[in-house]
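Chains as they are written, first to last, in this note's numbering: chain U, 1 to 516; chain A, 1001 to 1401. Shown next, in structure tokens, is the structure this report addresses.
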């Protein structure tokens, strides 16, 4: 199927999200759409999938102009989409999820499960998916769930498959499997539009690369282009992908975690007897696939999640069981994983958010009185120091870009003396330009003698920042390794393989991304 | 006293979709426009009701074919007369105006009680109960104690504040400690307060000697709010304005208010920033209860004078609509309280002069709030209105605070 988008434009008020975008997708090609968060990739794909209507421009399929006004139109035109957040019913089986919305029934309205099972088995065999149709979706790994989504699209005979940031939730090994699946689909003549901002993946899989910046197509690139070239196209200026950092000069241990165990709300052991130590002047990165206890570990450090067992101490002072406020006062700075949820109050101004955990202290709070003049003064200083791009300190922080919101959080946490900085996914959803700034600032903090604990699922980030890496799998620390540990080895450890074994296996079975 | 830029509710980072119809107007202006449009629409709905209920219109409709203009002129004069009587009854002279202000007094305080809770993310349905308990204590101190002038009034008002604060504070405490939903708890405590009052009025402590009906002795003259001349307007009105100023200061210029607003807008981020969400809920309900208790003291020490089982009338419930119309801001609450006070006072005159029942004003109030709570509905009629993202959006959204 030959798909052509020409002159697609979509604006929201004064914001032009897509400006005259032309895109040609040939049959059986893996076309990568590369761009920063907010560049307009999702808007474009939502128009193609009928979730948004273009203001102008047209969509042409096999030489014929079509109007796609809803997802069902898109499906009719054999366009499928796998969203970043899966649209599956967790308590249904794979086959039930597939037949949802187009159930075959026996006479009398009884569901024909056999037929659905057979369909899943057939597709799964044809593409080598290895999906059990009778497995409950909530029980299967994320990577397999993603394949269920792909099967869902394929049962609609999709000839163009849109994958929106499909690798965000996968381990390196699962990413490899996804790449294999994509190649299979390609061989069967399915075109794939692959949305991402990760340069390594683009180079590994794409046939053609289109780069979008600020709603415009800024160029095409070949997969052979270097990461620096791609990044420059994406951001619009030369980007330093490597953080300049001297070797760490670790001092005394600052944070000590002993036997920390966290039971989550559902009764599962999220963190299982973790022992860790972070020294002054070093960055310890906690690596792992999303959902292996890192989030709970960070929250437990801050007292936001109750702990079942274990001990946490800062500079020898026992912090187990004290309130969040006392921990912050003891010198912990915290950048939460989900900043919109936990990091700031969206409707509050930039100035107010910059004192969210400082407003009681002098000079911002004096007894009951809130010193708005001091809060404003502080805001202007921090905006300057952290290069926060905002039209004004009195604007709501929700009006800022992801990167600038994160700078607000970081600026706030570093504007009081901290001994330990805990940063969860510090650059998630942040543009490349801001990533550079945030990384540099975190390293600077380390160099001033702060102990830093980073939680990240991005191996690039871990490689860039860490002095030591602790790999977590199912709530346990699989091992603590030096930061120059090969990517494949880390990837295997993230899947629970012990370090020594991981080392050997990684050498024997290099993955696609690991070898780039 | 103005609405600042920080009155917006918790919101996920605005996606491009949110920007679709934003205008350059400041949010308070947008909210004001929506409120005004809602009032205008409500008056139109009211007009339709007046026409339907009017006897002359009905009579003229009987010979509509012969003289259709009669029907229209009858309808026109019915609406005109009713609204004129309403306006004159609310604003036409010293007595109407003081009556309006008198009626507005407890509505403002009760409205503040609901608004303050709103801003902390709580839906305080319990102003009625808090008001009743405040009135009970204020009345008791008023008639059972005998103190010198000035001191007695202050003591009685304080008793009202304490009564309301207890009734509200319990809600905050339960919410903070057990997570009990404040909507459920406040509704139930309203019932408890109503029946507590009815029972107390049968006891010897509260029942007026020599009377069989549920009525208490009249509160001492020393414990009454001083009135202005021969009007019913009393000092409590200015106390209500002072309370509004206090709430504004508390929310916008105090560290406590910063915490309350932060918790109201995003409890998770507040907790992460080291605030105690439970403490904020407790403080908010304590202060809200005290404000409703103040309204109770105004009812019993300012207008009613003896305590009866009708002391609260529906003031506590009307306070919710006042707060909704006032968008959770102190200034808005004062304006909404004044409007509703005027509607109440004017409605009586309208009923006396034009046979249009008083309940029409209740309908007007309800319809106004309905339109305010459904800004999309108002916008579908007045298409020029920009999309708002204020507290109103939260109020329209719901009860799951």
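Just so it is clear, CB atoms sit at the ideal spot from N, CA and C, and this is done for glycine as well. Every value quoted in this text rests on a predicted model; they were computed, and no experiment measured them.
Q. Does any residue of chain A bring its CB to less than 8 Å from the CB of residue 426 of chain U?
A. no
Q. Excluding the five sequence neighbours on either side, which residues of its own chain have a C-beta within less than 6 Å of the C-beta of residue 1070 of chain A, listed in chain order?
A. 1060
Q: Taking all protein chains shown into account, decide if residue 1051 of chain A is buried (16 or more other Cβ within 10 angstroms of its Cβ) or exposed.
A: buried
Q: Tell me, please, whether the CB atom of residue 1258 of chain A is closer than 8 Å to any CB atom in chain U?
A: yes
(Q) Judging by CA-CA distance, which residue of U/282, U/132, U/145 and U/390 is the nearest neighbour of residue 82 of chain U? (A) U/145
Q) Does any CB atom of chain A fall closer than 8 Å to the CB of residue 35 of chain U? A) no
Q) Mind checking whether residue 1176 of chain A and residue 1279 of chain A have CB atoms under 8 Å apart? A) yes
Q: Could you name the residues that DSSP lists as bridge partners for residue 4 of chain U?
A: U/24 and U/60
Q | Short CB-CB distance (under 8 Å) between residue 1278 of chain A and chain U | A | no
(Q) Let's see if you can read the secondary structure: which residues bound the alpha helix (DSSP H) around residue 1277 of chain A? (A) 1277–1298
**Q.** Any C-beta of chain A under 8 Å from that of residue 341 of chain U
**A.** yes
**Q.** Alpha-carbon spacing of residue 1375 of chain A relative to residue 43 of chain U, whole angstroms
**A.** 27 Å
Q.
8 Å is my cut-off, CB to CB: does residue 1223 of chain A come that close to chain U?
A. no
**Q.** Short Cβ contact (8 Å threshold) for residue 1116 of chain A with residue 1288 of chain A
**A.** yes
Q.
Closest to residue 422 of chain U by C-alpha separation, out of U/335, U/354 and U/399, would be which residue?
A. U/335
Q: Determine which residues of the segment 1244–1255 of chain A have a Cβ less than 7 Å from any Cβ of chain U, and write them out in chain order.
A: 1253, 1254 and 1255
Q | Cβ pair residue 131 of chain U, residue 94 of chain U closer than 8 Å | A | yes
Q: Give the residues from the segment 1071–1095 of chain A that approach chain U closer than 8 Å (Cβ to any Cβ), ordered along the chain.
A: none
Q: Count the other C-beta atoms from every protein chain shown that fall within 10 angstroms of the C-beta of residue 1067 of chain A, then say buried if there are 16 or more, exposed otherwise.
A: exposed
Q: Just confirm the distance between the C-beta atoms of residue 1045 of chain A and residue 1367 of chain A, as a whole number of angstroms; I'd bet it's less than 8 Å.
A: 5 Å
Q. With a cut-off of 8 Å, does the C-beta of residue 369 of chain U fall near any C-beta of chain A?
A. yes
Q: For residue 489 of chain U, count neighbouring C-beta atoms within 10 Å of its own C-beta (all shown protein chains included) and say buried if the count is 16 or more, exposed if not.
A: buried
Q: For the segment 293–325 of chain U, enumerate the residues whose C-beta is nearer than 8 Å to any C-beta of chain A, in chain order.
A: 302, 304, 323, 324 and 325
Q) Cβ-heavy atom distance between residue 51 of chain U and the ligand NAD below 7 Å? A) With respect to small molecules bound, the structure shown includes none, and the ligand NAD cannot be examined in it.
Q: Tell me, please, whether the CB atom of residue 1021 of chain A is closer than 8 Å to any CB atom in chain U?
A: Residue placement at residue 1021 of chain A is flagged as unreliable, the pLDDT there being 39, under the threshold of 50; the coordinate-derived value follows with that caveat. Yes, residue 1021 of chain A lies at the interface with chain U (some Cβ there is under 8 Å from its Cβ).
**Q.** Cβ-based neighbour list, residue 277 of chain U, same chain, cut-off 6 Å, excluding 5 preceding and 5 following
**A.** 253 and 256
Q | 8 Å Cβ shell around residue 272 of chain U - same chain, five flanking residues per side excluded | A | 261, 293, 474, 475 and 476
Q: Measure the C-alpha to C-alpha separation of residue 1021 of chain A and residue 13 of chain U and round it to an integer number of angstroms.
A: Confidence is the limiting factor: at residue 1021 of chain A the pLDDT is only 39, short of 50, which leaves the residue's position unreliable, though a coordinate-based value still follows. Approximately 6 Å between the Cα atoms of the pair.
(Q) Helix, strand or coil for residue 81 of chain U? Go by DSSP, reduced to three states. (A) strand
Q.
With DSSP as the reference, identify every bridge partner of residue 136 of chain U, one or two as the case may be.
A. U/93
**Q.** Chain-ordered neighbours of residue 356 of chain U on chain A, where CB pairs are closer than 8 Å
**A.** 1262, 1269, 1270 and 1273
Q | Per DSSP, cross-strand counterpart(s) of residue 279 of chain U | A | U/253
Q. At a cut of 8 Å, does the segment 1347–1363 of chain A reach the segment 1080–1097 of chain A through at least three beta carbon pairs?
A. yes
Q.
Rounded to the nearest angstrom, what separates residue 113 of chain U and residue 104 of chain U at their Cα positions?
A. 8 Å
Q. To the nearest angstrom, how far is it from the Cα of residue 467 of chain U to the Cα of residue 457 of chain U?
A. 16 Å
Q. Is the beta carbon of residue 405 of chain U sitting closer than 8 Å to the one on residue 438 of chain U?
A. no
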